[in-house]
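What follows is a single structure, written as structure tokens, with notes after it.
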Amino acid sequence: MFLQDYHFDPTYGYGEVGLLGVGLPEAPPDFDAFWQSTFEQNTDVDLNLHVEPVDSADNRYNLSIATFDTLGGYRTGAWVVYPKSGDITTGFVTGHGYGGRSEPEYALLAENAAAIFPCAPGLGLSAADHLPDSAQSHVVHGLDSRDDYLIRPCVSAIWSAATLLLDLFPDIRSRLFFTGGSFGGGLGALALP
């Protein structure tokens, strides 16, 4: 029995066996083609990259704020963090939850790794007057059309962030990883073509 004190039943009346028996819905027939096309369109976007070094809160790392363009003309902001000494052998693109991100997460850094912490369009360093900055509005912005749905440029920002990190640190090409939970994890799942 699942014990909880929510004001609603998160199991929707299902027990464990019932939940395990629920099948997956059918994916739209062109789901893969749509995201592959989105990926290809994003590769044609000039990043218009700007990287500015800033003071790091952790003296073991260099920190920069990067801004770049992504599909749909969205200007995206990100923190780029890399060690001050040693070889950089690995890279991470790190997504964030719906709370957004107000700073890089040094605790997530791996040894000898460079990381980019992009902010999804509309949130944090990627805030824009024409985009919602609250989770409740952000998640449904443009939902009526998959081409206009805000999740599409959010996924594109993940791809652009990976491109940026590879441009800065080409030796990590074979060891580039994505990490992210909640909203960021969902974007990462869509970003893996």
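The sequence shown begins at 1072 in the numbering used here and counts up one residue at a time. Heads up, the beta-carbon is just placed ideally off N, CA and C, and yes, glycines get one too. For clarity, every value in this text was computed on a predicted model and none was experimentally measured.
Have a look at Y1153, N1119, D1158 and flag the residue whose alpha-carbon is nearest the alpha-carbon of T1147. Answer by Cα proximity: N1119.
On a CA-only basis, which of D1080, W1106, L1074 is nearest R1223? Give me that one, please. Comparing Cα positions, the closest option is W1106.
Can you tell me which residues form a DSSP beta bridge with S1135? Answer is P1124, V1151.
Taking only three categories from DSSP, how would you classify V1164? The answer is strand: DSSP assigns V1164 an E or B state.
Between which two residues does the beta strand (DSSP E) holding I1187 run? Counting along the chain, the unbroken beta strand (DSSP E) around I1187 starts and ends at 1184-1189.
With DSSP as the reference, please indicate the residues paired to T1250 in a beta bridge. DSSP, once it has assigned bridges, lists T1165 as partnering T1250.
Name, in chain order, the residues that DSSP records as bridge partners for Y1145. In DSSP, Y1145 forms a bridge with T1141.
F1188 and T1165 - do their beta-carbons sit closer together than 7 Å? Between T1165 and F1188, the gap from beta carbon to beta carbon is short of 7 Å.
Taking Cβ positions, are L1237 and R1244 nearer each other than 7 Å? Note that the C-beta distance between L1237 and R1244 is below 7 Å.
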